[in-house]
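J.: Numbering (the numbering used here), first residue to last: 603 to 780.
First, the structure itself, so that you have it in front of you.
Put into structure tokens, the structure is as follows:
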């Protein structure tokens, strides 16, 4: 296989992985909110969300994260000079952070399976946006390949994160008024 084959596969697996990273915390929100429903609705919903989360974790997120790592590693093996670039080293720091985020997501998943609801649905909505921050950071680095331009991207990202958090708070207030 050539570099471009691995690159195409890497992009496909990154997209699949992010689909899971975006959807899993959303399921956590619904799972947490279902816990406050009356019986028997609560038990039915909790069982359904547990099933959906397990399937998403085992059939999509975990394989996609490993295949992303393998294809990315293959590209670095084929073109090791990328490792001499500042943008690539910074990208790998963000990728490491993304794996840490997934690991923490797995911890939340296990807690919910055990019936431990440590986070509110609002906190989980905010947690859901962390993957977006990683996505923006990594894409800006890969496309611009420049840490100075990346800095402007991050400043824009911070502004974007503030807008998202504000929107989440507004939606929460609107829901509470109903």
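In this text, a Cβ means the ideal position worked out from N, Cα and C, and glycines have one as well.
For residue 715, I'd like the list of residues in its chain whose CB is within less than 7 angstroms of its CB, leaving aside the five on either flank, ordered along the chain.
T.: Excluding residues within five positions, the ones whose Cβ falls inside 7 angstroms are 652.
J.: Quick one: residues in its chain with C-beta nearer than 7 angstroms to the C-beta of residue 705, no 5 flanking neighbours on either side, listed in chain order?
T.: If we look at residue 705 and ignore the five residues flanking it on each side, it has no Cβ neighbours.
J.: Compare the Cα-Cα distances from residue 700 to each of 622, 722 and 774 and report the closest residue.
T.: Among 622, 722 and 774, the Cα nearest to that of residue 700 belongs to 622.
J.: Leaving out five residues before and five after residue 658 in sequence, what residues of the same chain have Cβ atoms less than 8 angstroms from its Cβ?
T.: Only 622, 625, 626 and 629 meet the Cβ criterion.
J.: Residue 634 to residue 647, Cα distance in whole Å?
T.: Distance between the alpha carbons of residue 634 and residue 647: 10 angstroms.
J.: Helix, strand or coil, according to DSSP, for residue 730 in the structure here?
T.: In this structure, residue 730 counts as helix in the three-state DSSP scheme.
J.: State the DSSP-derived secondary structure class of residue 720, mapped to helix, strand or coil.
T.: Correct three-state label for residue 720: coil.
J.: Hey, is the region 730–739 in contact with the region 634–643, meaning 3+ C-beta pairs nearer than 8 angstroms?
T.: The answer is no - the region 634–643 does not touch the region 730–739, with fewer than three Cβ pairs under 8 angstroms.
J.: Is the beta carbon of residue 677 closer than 8 angstroms to that of residue 609?
T.: Against a cut-off of 8 angstroms, the Cβ pair of residue 677 and residue 609 comes out as a contact.
J.: With a Cβ-Cβ cutoff of 8 angstroms, do residue 693 and residue 743 count as a contact?
T.: Result yes, Cβ atoms of residue 693 and residue 743 sit closer than 8 angstroms.
J.: When you compare the CB positions of residue 605 and residue 681, do they come within less than 8 angstroms of one another, or not?
T.: Closer than 8 angstroms, so yes.
J.: For residue 705, which of helix, strand or coil comes out of DSSP?
T.: DSSP places residue 705 in helix when its eight states are reduced to three.
J.: Whose C-beta lies closer than 8 angstroms to the C-beta of residue 696 among residues of the same chain, with five residues either side of it excluded?
T.: Within the same chain, residue 696 has close Cβ partners 736, 739, 740 and 743.
J.: Could you check if residue 645 is buried or exposed, using at least 16 other CB atoms within 10 Å of its CB as the buried criterion?
T.: Residue 645 should be labelled exposed.
J.: Could you give the uninterrupted runs of the alpha helix (DSSP H) lying entirely in the region 628–659, keeping only those of 4 residues or more?
T.: Fully enclosed alpha helix (DSSP H) runs of 4 or longer: 643–657.
J.: May I ask you to report which of helix, strand or coil DSSP gives residue 768?
T.: If DSSP states are grouped into helix, strand and coil, residue 768 belongs with the helices.
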